[in-house]
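Scroll down for the structure; my scribbles are underneath it.
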Amino acid sequence: FKEKGLSLRITRDFYCEKIVAEEEFLEHLGSCTVANLVGEKTIGVCESVEPESANSKRKIAGIPHLQVYKM
């Protein structure tokens, strides 16, 4: 997907190692230092526990995308 000089390539190898329930997703999110999230549901769950992440959300060709960095 491309829009205004931005490109988003969604591949199963990168974004979908395995499908997990919301609880497991939140466990992984809590322990990671970098997360690349795609889709309304995934980003919505992230925003429910990290509301400040909503400020970094953007759409590329209509696809919601969020990068989360934790230090």
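Under this note's numbering, residues 127 to 197 are what the sequence shown spells out, in order.
Idealized CB from N, CA, C, for every residue including glycine.
These numbers were taken from a predicted model, which means no experiment stands behind them.
- Between residue 152 and residue 172, the alpha-carbon positions lie close to 8 angstroms from each other.
- Classified as buried, residue 163 has 16 or more neighbouring CB atoms from the shown chains inside 10 Å of its CB.
- CA-to-CA, the gap between residue 175 and residue 131 works out to about 31 angstroms.
- In chain order, 195 place their CB closer than 6 angstroms to the CB of residue 160, counting only its own chain and leaving out the 5 sequence neighbours on each side.
- Residue 169 sits in a helix when the DSSP states are folded into three classes.
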